[in-house]
Ligand SMILES: Cc1ncc(COP(=O)(O)O)c(C=O)c1O
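In this note's numbering, the protein residues as written are 1 to 464.
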């Protein structure tokens, strides 16, 4: 050992004092920000371990991870192949700057050609979905020479200046109007349960896509349309089969790029590798993150067509990061794809998703608070309403940013007592367990939701 190398701590006597759970929670709360929330009510749980579809708090209590954390731990916790890939890469080459080629980079790039929708052949690696969208917007602007990006209201595209400006949901509001990046416009989302332009499918003839064309024609200078092909956090909204072919055709006719944000809906989540695969539509760019490494390390991807890539042969590619194509993020990406293939998780998502959907749909008949249940693969939303006819939500988006206690959060807290965690949004839950989930675990999770919905049913009954 060289003199400058610090000795390893090898006995408990030499280890720094271990903090108690109370200290861990108190220090975290005092010195860190809790995201997207009022800080006062933040009481972070001390999580000490995780395995498969479960994680464990410091008391040893086990929680079924019914939303895969933030809809990202698709392989489940502690997949050994992914862990080994991280360890091996750390030993071999933990970092080299993005100007160099690495084996991990080349191997992952080749594998991506196998799993991404055909035609996406040039890759920019990031360390989050947010940054992948930022890359997509810059590439779209550089490539087309145009500025505006059309997004949709029920959407989330990330937290930094451009990606939050493209986000339709209330997380954007804090940046309005002065702090919001320019050039982003919003179209109505596809929501056949509660159409924002009050149409009914199929008689509507997909008027929400026609409206995007109207925007493109009248705005002029539109570089791209960005959509979550299946909207995630904002309610697992699945478009009718005509929507994507129509949107693709509109974009082509007007020379506008189509960007598919598959940060959440990709990687087998919906029962296809990527959710656009359900309609066979080829986007000009596909942005993803989360499931690409099952979230074990932060990796994002902006994939473009070869045609877009070729443009930059003779034009300056004005984008980059210190951590672009970081070897430690890429090696686990390779392992995650191999694991998905070995465990046949795309098909499993479809099969288990059908089972989960059946069970969730059965709840609808029992609970007056449920307005809609919808999903594809292992990606489901249970939407709660004040009344099934008016479809009025239990809480509004304004309630969320005002810190009003949400009924969905109370239901989620009840589920937590039963050892099941789920992501609760303004008036719906996103149920998206790891793709390795077993039927018995689905039964357990749905049962916890069934029992906990009593809280929402009582609230609805109290409205009279
Ligand atoms: C559809 C979508 N796009 C982008 C993002 C941002 O990704 P990240 O949180 O990795 O920055 C998310 C995150 O939830 C997302 O769901």
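Beta carbons: idealized from backbone N, C-alpha and C, even for Gly.
Quick caveat, the model's predicted, so the values are computed rather than measured.
Does the Cβ of residue 12 have 16 or more other Cβ atoms within 10 Å, making it buried, or fewer, making it exposed?
For this step, residue 12 is matched to residue 12 along the chain shown. Residue confidence for residue 12 is low, a pLDDT of 47 falling below 50, so the modelled location carries little weight; the figure read from the coordinates is stated next. Under this definition residue 12 is an exposed residue.
From the beta carbon of residue 390, is the nearest beta carbon of chain D less than 8 Å away?
In the structure shown, chain D cannot be found, because there is only a single protein chain.
Can you name, in chain order, every residue of its own chain whose Cβ lies under 7 Å from the Cβ of residue 90, other than the five neighbours on each side?
Position 90 of the chain shown holds residue 90. 328.
Hey, is residue 166 close to ligand 1, as in C-beta under 7 Å from one of its heavy atoms?
Reading the chain shown from its first residue, position 166 is the one you call residue 166. No.
How big is the Cα-Cα spacing for residue 447 and residue 397?
Position 447 of the chain shown, counting from 1, holds the residue named residue 447. Position 397 of the chain shown, counting from 1, holds the residue named residue 397. Looking at the two C-alpha atoms, the distance is approximately 28 Å.
List the DSSP bridge partners of residue 386.
Position 386 of the chain shown, counted from the start, is the residue given in the question as residue 386. Residue 386 is not bridged to any residue.
Mark residue 3 as exposed unless 16 or more other C-beta atoms lie within 10 angstroms of its C-beta, in which case mark it buried.
On the chain shown, residue 3 is found 3 positions in, with the first residue counted as 1. With a pLDDT of 44 at residue 3, under the threshold of 50, the modelled position of this residue cannot be trusted; read the value that follows with caution. With fewer than 16 Cβ atoms within 10 Å of its Cβ, residue 3 is classed as exposed.
What would DSSP say about residue 399, mapped onto helix, strand or coil?
Looking up residue 399 in the chain shown gives position 399. It is helical.
Could you tell me whether the stretch 389-408 touches the stretch 26-34, where touching means 3 or more Cβ pairs closer than 8 Å?
The stretch 389-408, when compared against the stretch 26-34, does not touch it at the 8 Å Cβ threshold.
Candidates 248, 250, 276 and 226: which alpha carbon is nearest residue 135's?
Working through the chain shown from its first residue, we reach residue 135 at position 135. The shortest Cα separation from residue 135 among 248, 250, 276 and 226 belongs to 226.
For ligand 1, is there any heavy atom lying closer than 7 Å to the beta carbon of residue 138?
Here residue 138 corresponds to residue number 138 of the chain shown, with the count starting at 1. No - ligand 1 has no heavy atom lying nearer than 7 Å to the Cβ of residue 138.
CB of residue 33 to nearest heavy atom of ligand 1: below 7 Å?
As a first step, residue 33 is located in the chain shown; it is residue number 33 there, counting from the start. No.
Under a Cβ-count criterion, where at least 16 other Cβ atoms within 10 Å of its own Cβ denotes burial, should residue 172 be classed as buried or exposed?
Taking the chain shown and counting its residues from 1, one reaches residue 172 at position 172. By the neighbour-count rule (16 or more Cβ atoms within 10 Å), residue 172 is buried.
Just to confirm the assignment: which complete alpha helix (DSSP H) runs, minimum length 4, are found wholly within the stretch 346-378?
The qualifying runs do not exist here; there are none.
To which residues does DSSP link residue 149 through a beta bridge?
Within the chain shown, the letter at position 149 stands for residue 149. 184 and 224.
In the DSSP assignment, what residue or residues form a beta bridge with residue 47?
Counting from one through the chain shown, the residue named residue 47 turns up at place 47. Beta-bridge pairing links residue 47 to 57.
Between residue 228 and ligand 1, is the CB less than 7 Å from at least one heavy atom?
Numbered from 1 along the chain shown, position 228 holds the residue referred to as residue 228. Because some heavy atom of ligand 1 lies under 7 Å away, the Cβ of residue 228 counts as near it: yes.
Our contact map puts residue 465 next to residue 330 with C-beta atoms below 8 Å; I'd like the distance itself, whole angstroms only.
The requested residue 465 is not part of the displayed model; the chain covers only 1 to 464.
Which value, in whole angstroms, describes the spacing of the CA atoms of residue 400 and residue 169?
Taking the chain shown and counting its residues from 1, the one referred to as residue 400 is at position 400. Taking the chain shown and counting its residues from 1, the one referred to as residue 169 is at position 169. Roughly 11 Å between the two C-alpha positions.
Leaving aside the five residues before and after residue 412 along the sequence, list all residues of the same chain whose C-beta is less than 6 Å from its C-beta, in chain order.
Numbered from its first residue, the chain shown carries residue 412 at position 412. Cβ within range, chain order: 422 and 424.
Would you say residue 428 and residue 382 are within 8 Å of each other, going by their C-beta atoms?
One-based indexing of the chain shown puts residue 428 at position 428. One-based indexing of the chain shown puts residue 382 at position 382. Closer than 8 Å, so yes.
Does the stretch 307-316 come within contact of the stretch 99-115, defined as at least 3 CB pairs closer than 8 Å?
Not touching, per the Cβ criterion.
Consider the C-beta atom of residue 190 and the heavy atoms of ligand 1; say whether any pair is separated by less than 7 Å.
Here the question's residue 190 lines up with position 190 in the chain shown. It does not: the Cβ of residue 190 is nowhere closer than 7 Å to a heavy atom of ligand 1.
Classify residue 458: buried if its beta carbon has 16 or more other beta carbons within 10 angstroms, exposed otherwise.
Taking the first residue of the chain shown as 1, we reach residue 458 at position 458. It is exposed - the Cβ of residue 458 has fewer than 16 other Cβ atoms within 10 Å.
Kindly confirm or deny that the stretch 111-119 and the stretch 93-103 touch, where touching means at least three C-beta pairs closer than 8 Å.
With a cut-off of 8 Å, the stretch 93-103 and the stretch 111-119 do not count as touching, because too few Cβ pairs lie within range.
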